[in-house]
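Residue numbers (this note's numbering), protein chains in the order written: chain A, 2 to 174; chain B, 2 to 174. Please read the structure below before turning to the comments.
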């Protein structure tokens with residue numbers, strides 16, 4: 002490789018370090034792909050699951066007042082998926098829930114996530130392709146690859162002040 | 002019945018006339034339960050279905066600029082259900098889709114509706130109890146018995162400028 006190509010290469014190289022997917026926490030961590038999950042578990046503790054199986058897990062979403070919450074991490078066939086809930090800044094009382102793969106854009110195309118809120122006689126479900134953490138959170142929001150709901154919708158699914166969200170992953174061909 | 006009880010009785014009598022569920026169109030129609038569907042079909046033409054079966058039907062939602070659209074009417078075991086999409090006034094670019102039964106509150110409790118938007122590799126679903134047209138549209142909105150989505154989410158499910166929404170009903174015990 003020629004020296005002038007170095008900067009362009011480093012910005013796009015498949016093996017370039019991954020940034021912490023929590024940049025708004027002021028975290029400047031960078032590291033290898035297989036270290037991202039460990040970093041998140043140690044430094045940005047997600048919510049503990051309340052029920053889990055190989056295929057899906059249920060999280061309790063306790064704090065809807067934070068701007069962004071890493072609700073949970075789910076592992077599926079050796080891949081790790083991050084489940085986020087974010088308060089939309091531009092609209093008061095609007096939430097966005099989405100899923101990112103700790104991996105490349107190409108790997109992300111092989112999966113579909115499902116987020117499901119269950120209430121008394123009602124159910125709200127979103128299935129979509131996850132985004133790679135390479136693309137960043139704002140990319141998922143901009144393209145609306147997320148489940149959007151209002152705080153009053155959240156009330157519909159609230160039991161004892163908490164919202165339970167079921168999160169599952171499946172592979173696609 | 003004593004004369005002073007007449008007004009109270011008329012406001013709550015099961016057999017009192019039904020108002021047109023389209024009050025914001027300035028329609029003052031009132032009539033019997035079995036005339037409501039006919040009135041809507043004649044005066045407030047819903048979108049024609051593009052595919053239908055006994056269990057579900059698919060509507061094409063063409064005009065997202067109207068404040069409220071009666072997207073379709075579905076009949077199921079002799080009951081008629083109205084499927085509405087409304088632009089929320091208080092939040093720019095936010096839509097609400099909901100279902101009402103042409104019938105009483107008690108009858109509405111026996112059903113669950115499902116609204117489903119399908120896009121390229123993604124799917125957004127809401128299942129909930131329909132509301133009676135007696136209760137009015139604002140009651141469904143206030144209690145969030147509706148599927149809320151933003152206009153950018155609608156884009157995710159748009160094909161050739163149109164959003165297709167599948168609408169089905171089932172009975173519950």
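Note that the Cβ used here is the ideal one computed from N, Cα and C, for glycine as well.
Local Cβ density within 10 Å of residue 93 of chain B, reported as buried at 16 or more and exposed below that: What you label residue 93 of chain B is simply residue 92 of the second chain in a count that begins at 1. Counting Cβ neighbours within 10 Å, residue 93 of chain B comes out exposed, since fewer than 16 surround it.
Nearest-angstrom beta carbon gap, residue 97 of chain B and residue 149 of chain B [assumed within contact, 8 Å]: Numbered from 1 along the second chain, position 148 holds the residue referred to as residue 149 of chain B. Numbered from 1 along the second chain, position 96 holds the residue referred to as residue 97 of chain B. Correct: roughly 5 Å between the Cβ atoms.
Residues within the stretch 125–144 of chain B neighbouring chain A, beta-carbon criterion of under 7 Å: Taking 7 Å as the cut-off between beta carbons, the residues of the stretch 125–144 of chain B near chain A are 125, 126, 127, 128, 129, 130, in sequence order.
Three-state secondary structure (DSSP) of residue 127 of chain A: For this step, residue 127 of chain A is matched to residue 126 along the first chain. Strand, per DSSP.
Among residues of its own chain, excluding the 5 on either side of residue 128 of chain B, which ones have a beta-carbon nearer than 6 Å to its beta-carbon? For this step, residue 128 of chain B is matched to residue 127 along the second chain. Excluding sequence neighbours, residue 128 of chain B sits near 113, 115.
Length-filtered (4 minimum) alpha helix (DSSP H) runs lying within the stretch 72–156 of chain A: Entirely contained in the stretch 72–156 of chain A, the alpha helix (DSSP H) runs reaching 4 residues are, in chain order, 106–109, 138–143.
Could you work out which residues of chain A lie near residue 159 of chain B, taking near to mean beta carbons separated by less than 8 Å? Position 158 of the second chain, counted from the start, is the residue given in the question as residue 159 of chain B. Among the residues of chain A, none has a CB under 8 Å from the CB of residue 159 of chain B; the nearest is roughly 11 Å distant.
Applying the 10 Å Cβ sphere with the 16-neighbour rule, what's the burial state of residue 81 of chain A? Within the first chain, residue 81 of chain A is the residue found at index 80, counting from 1. Taking a 10 Å sphere around the C-beta of residue 81 of chain A, we find 16 or more other C-beta atoms and assign the residue as buried.
Shortest alpha-carbon distance to residue 60 of chain A belongs to which of A:70, A:68, A:49? Within the first chain, numbered from 1, the residue matching residue 60 of chain A stands at position 59. Nearest in C-alpha terms to residue 60 of chain A, of all of A:70, A:68, A:49, is A:49.
Between residue 104 of chain B and chain A, is any beta-carbon pair separated by less than 8 Å? Position 103 of the second chain, counted from the first residue, corresponds to residue 104 of chain B. With a threshold of 8 Å between beta carbons, residue 104 of chain B makes no contact with chain A.
In the structure shown, what three-state DSSP assignment does residue 27 of chain B receive? Taking the first residue of the second chain as position 1, residue 27 of chain B is located at position 26. Residue state for residue 27 of chain B is assigned as coil, using DSSP reduced to three classes.
Return the chain-ordered list of same chain residues with a C-beta closer than 6 Å to the C-beta of residue 167 of chain A, the five sequence neighbours on each side being excluded. Walking along the first chain from the start, residue 167 of chain A turns up at place 166. For residue 167 of chain A, where only same-chain residues beyond five positions count, the Cβ hits under 6 Å are 57, 59, 117.
Residue from B:32, B:67, B:35 with nearest C-alpha to residue 47 of chain B: What you label residue 47 of chain B is simply residue 46 of the second chain in a count that begins at 1. The candidate whose alpha carbon is nearest that of residue 47 of chain B is B:67.
Need the endpoints of the alpha helix (DSSP H) that residue 38 of chain A sits in, please. Reading the first chain from its first residue, position 37 is the one you call residue 38 of chain A. Start and end: 34–44.
Just list the residues that DSSP pairs residue 165 of chain B with in beta bridges. In the second chain, counting from the first residue as 1, residue 165 of chain B sits at position 164. DSSP output for residue 165 of chain B lists B:61 as bridge partner(s).
Would residue 100 of chain B pass as an interface residue toward chain A - the criterion being a Cβ-Cβ separation below 8 Å? Locating residue 100 of chain B in the second chain gives position 99, where the first residue counts as 1. Answer no: the Cβ-Cβ gap between residue 100 of chain B and chain A never drops below 8 Å.
Less than 6 Å between C-beta atoms, sequence neighbours within five positions excluded: which residues of the same chain meet that for residue 158 of chain A? Looking up residue 158 of chain A in the first chain gives position 157. Cβ within range, chain order: 118, 120, 164.
List the endpoints of the continuous alpha helix (DSSP H) containing residue 8 of chain B. Residue mapping note: residue 8 of chain B aligns to position 7 of the second chain, counting from 1. Secondary structure note for residue 8 of chain B: its alpha helix (DSSP H) is the uninterrupted segment 7–13.
At a CB-CB cut-off below 7 Å, which residues of chain B make contact with residue 21 of chain A? For this step, residue 21 of chain A is matched to residue 20 along the first chain. Neighbours of residue 21 of chain A on chain B: none; closest Cβ ~27 Å, over 7 Å.
Neighbourhood of residue 32 of chain A by C-beta distance below 8 Å, restricted to the same chain and skipping five residues each side: The count along the first chain starts at 1 and reaches residue 32 of chain A at position 31. Excluding sequence neighbours, residue 32 of chain A sits near 18, 19, 40.
Proximal chain B residues relative to residue 113 of chain A, where beta-carbon distance stays under 7 Å: On the first chain, position 112 is the one that residue 113 of chain A refers to. The answer, in chain order, is 122.
Examine chain B for any beta-carbon lying closer than 8 Å to the beta-carbon of residue 96 of chain A, and answer yes or no. Working through the first chain from its first residue, we reach residue 96 of chain A at position 95. It does not: the Cβ of residue 96 of chain A has no partner Cβ on chain B nearer than 8 Å.
Buried or exposed: which applies to residue 51 of chain B, given that a residue is buried once 16 or more other Cβ atoms fall within 10 Å of its Cβ? Looking up residue 51 of chain B in the second chain gives position 50. Exposed, by the Cβ-count rule.
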